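Chains A and B, in that order, give the protein sequences. Residue 224, in this note's numbering, is where the first sequence stops; the numbers in between run on with no holes. Residue 406, in this note's numbering, is where the second sequence stops; the numbers in between run on with no holes. A virtual CB, placed ideally from N, CA and C, is assigned to each residue, including glycine. Computed from a predicted structure; not experimentally measured.
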Amino acid sequence: MGTKAKEAFRFCTRLTLAEVTGRRAANIQELLEGIRSADDAVIYYHTHRFIKQSHHLVPEGANDFAYWVANTVQADRLGEELTSIDIVQYHSLADIRDAFVKMLERGIAENPGPARTVAPGREFHFMRSIRFSVPTECAAVDYRSFLDCLRTVSVSSLYLHVFEARLRPPYGVDDFSHWFRLNFGDENVGREISRLDPYSYTLEGLRQRIIQIIEKRVQEGSNA
Amino acid sequence: MPKIDEYAPAAGRSAIEELKIIASRLKGKTILNVNSTAVGGGVAEILSRMLPMMTELGIKPRWELVKGGEDFYAVTKKFHNALHGTPQRLTAADFQLYRDTMKANLDTLNLDAEVALMHDPQPAGLIDKKPAGAKWVWRCHIDLSNRQDDVWNFLHGYVSRYDAAVISAPSFSQALPVKQFQVPPSIDPLADKNKDLTDAEVAAIMSRLEIPTDKPLISQVSRFDRLKDPLGVIEAFKKIQPYVTARLLLVGGSADDDPEGAEVLAEARTAAEGNPDIMVLCLAPTSNIEINAIQRASAIILQKSLKEGFGLTVSEALWKGKPVIAGAVGGIPLQITHKYSGILTRTIEGTAYWMKRLLHEPAYARKLGENGREHVRENFLLTRHLRDYLLLALYLESGRQEFIHL
């Protein structure tokens, strides 16, 4: 545990600027059409950004689409199904979009009656995220300095490295696991972190869980 | 003015560090703000606190005021009301007066800056003199969702020539040939209205205002305006009185210079007459610490609006960690997620039901308050507002890349 990494882990954070597209949906059919033609920046806004913004509301809030369908359209069953789409298991925003499209198409096919239109003012607004990667002051070269950083970085940083990282190469792998594996050959930390689920923790809770995982490894190392 | 690091306990250390990193990419750049007043009103209040922070971060902020006669302000007041959805009669002479005033301002104002934020309709027409290479943003604080066509069409000619427009909520957006961004307004956690107060300070202020604290207090702080529904609040409270022990407090301004306000205040007093657990209180417009203390002494805070712009008073209440019951109108649903960070209602009956429920379930009420405070911390503090403006400036300066590595 005392060895130094070949390459320091530089913590970054993710900030976003919200662009209003002007596109709205007043019923589920319009929501489907909007998602079908949405680009990655729209899908990111309503899925990844949503989790980060609403992280203290756990267990509620998987994504914007599900929230609107369940709470505004009040299509309970479809809302529940959209909630169940596990966005962190997908390796691209296009795959996430396809999953929502499929689910909505199925929901509409199973309920072919006239679509319920929400009251004026309660429409779904399609938004886009302009994304910024911002380096922080925190850099880690070993387990202990990694823990120090983990205690101070923002939840946006945590989200970026643990969940959003899975959308870029190496696909499906979070940054923390990748760094521990690459620099220390540590598969255990990676395995534990990859099992973490953003729907089961607040991001603060997630921070504590990752700290526990790494502290345990440090403890095991010093006992070895 | 507080130093930027003084915001760390409220906004979080990492939010302050992020601001410093973003600002370092804009070091030495001039960001110009133009509006119509240096004091009074939400825009002036925000700018007076935000601009010193920009200076501290190494940016060069400038602030210019559009100048015009009373007739100009009468016209722009009509613009404002028409855009808000209150029908106004505008004449050709009104529009011409606006053009003439813009022309006069173009000759006198210094508009030299890399990035400019023009706030609301008053300075919109200055776009005629935008310097080459500068990035100009029209910052609209008004809810445009029920705007009057003639005024909007007139402004559209100016706004469509900006580099971007900024609105407070997605529902305020309009068809424009330029990109629109959402930047919600914010509260200053260090201002008198929101800063932390000790229990002793709260108790002393409540004692001075002669507000008893022997029963749980339910309060609504807002001017006496029918759209804030003070009579609906009293009616809802009367419905729960047989079941709960509590006191209702309606706090607003004295309404001396507002005939309709005075009428609504009188009606509220009549509705409260003979009911010892309903208080109606008038405070001076400068009573910021008093409002702060009343909110902190409250068990539940109401904002039972029937119509709102953004309704930032909700964030002020949530920041005190209190459960808030508010009307689901304007920008309020952006501040409250129903049953998670507060309660949204649409009727007097619904408001009564939730008041009773929250009084009977203090643990749930406490959780709502905690969630609400965290939501405000992340989304509605002055530091986030400044960060959004700086990110927008970076976006425009970067040549509009959608993925920016700083």
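- With a cutoff of 8 Å on beta-carbon distance, residue 168 of chain B and residue 382 of chain B are scored as not near each other.
- For residue 167 of chain B, there is no enclosing alpha helix (DSSP H); the enclosing beta strand (DSSP E) covers residues 164 to 167.
- Closer than 8 Å to the CB of residue 241 of chain B there is not a single CB belonging to chain A.
- Under the 10 Å beta carbon count, residue 112 of chain B is surrounded by fewer than 16 other beta carbons and is classified as exposed.
- In the structure shown, the three-state DSSP call for residue 106 of chain A is helix.
- Among the CB atoms of chain B, one or more fall inside 8 Å of the CB of residue 152 of chain A.
- For residue 12 of chain B, the C-beta contacts it makes with chain A under 8 Å involve 154, in order along the chain.
- Scanning chain B for C-beta atoms nearer than 9 Å to the C-beta of residue 132 of chain A yields 22, 391, 394, 395, 403, 404, 405, 406, reported in chain order.
- For the set B/183, B/241, B/194, the Cα lying nearest the Cα of residue 10 of chain B is the one of B/194.
- Three or more Cβ pairs closer than 8 Å define a contact, and the region 319 to 331 of chain B falls short of that threshold against the region 243 to 251 of chain B.
- Contact annotation for residue 18 of chain A against chain B: 181, 182 [CB-CB distance below 7 Å, chain order].
- Less than 8 Å divides the Cβ of residue 172 of chain B from the Cβ of residue 145 of chain B.
- The C-beta distance from residue 141 of chain B to residue 40 of chain B rounds to 14 Å, too long to fall under 8 Å, and the pair is not in contact.
- Around the CB of residue 266 of chain B, fewer than 16 other CB atoms lie within 10 Å, so the residue is classed as exposed.
- Chain-ordered listing is empty here: chain A has no CB closer than 9 Å to the CB of residue 365 of chain B, the nearest sitting near 16 Å.
- Listed along the chain, the chain B residues whose CB falls inside 8 Å of the CB of residue 15 of chain A are 18, 22, 387, 391.
- Nearest to residue 300 of chain B by alpha-carbon distance, out of B/351, B/162, B/165, B/151, is B/351.
- Against residue 46 of chain A, chain B offers no close residue; the least beta-carbon distance is about 12 Å (beta-carbon pairs closer than 8 Å).
- Shown here for residue 50 of chain B: same chain residues with a beta carbon closer than 6 Å to its own, the five before and five after excluded, namely 386 in chain order.
- Sequence-ordered contacts of the region 161 to 179 of chain B with chain A read 167, 170, 171, 173, 175, 179 [C-beta pairs closer than 7 Å].
- At a cut-off of 8 Å, the C-beta of residue 15 of chain B has a neighbouring C-beta in chain A.
- The Cβ atoms of residue 151 of chain B and residue 79 of chain B sit closer than 8 Å to each other.
- The DSSP-derived three-state label of residue 60 of chain B is strand.
- Comparing alpha-carbon positions, the option among B/246, B/215, B/5, B/328 lying closest to residue 52 of chain B turns out to be B/5.
- With respect to residue 298 of chain B, residue 219 of chain B sits close: the two C-beta atoms are nearer than 8 Å.
- Sequence-distant Cβ neighbours of residue 134 of chain A in its own chain, meaning closer than 7 Å and more than five residues away, are 12, 13, 15.
- B/304 is the residue among B/211, B/304, B/162 whose C-alpha sits nearest the C-alpha of residue 224 of chain B.
- The CB of residue 41 of chain A comes closer than 8 Å to the CB of 402 in chain B, given here in chain order.
- Flagged as an interface residue toward chain B: residue 136 of chain A, by a C-beta distance shorter than 8 Å.
- For residue 178 of chain A, the nearest beta carbon of chain B is not closer than 8 Å to its own beta carbon.
- Straight across, the Cα-Cα distance linking residue 302 of chain B with residue 67 of chain B is about 39 Å.
- Spanning the alpha carbons of residue 34 of chain B and residue 116 of chain B requires a straight line of approximately 8 Å.
- At a cut-off of 8 Å between beta carbons, residue 22 of chain A contacts chain B.
- By the criterion of a C-beta distance shorter than 8 Å, residue 28 of chain A is surrounded in its chain by 69, 73, 75, 78, 104, 107, 108, 115, 116, once the five residues flanking it on both sides are discounted.
- Considering only beta carbons, the part of the region 120 to 131 of chain A lying closer than 7 Å to chain B consists of 121, 125, 127, 130, 131, in chain order.
- Rounded to whole angstroms, residue 65 of chain B and residue 38 of chain B show a C-alpha spacing of 7 Å.
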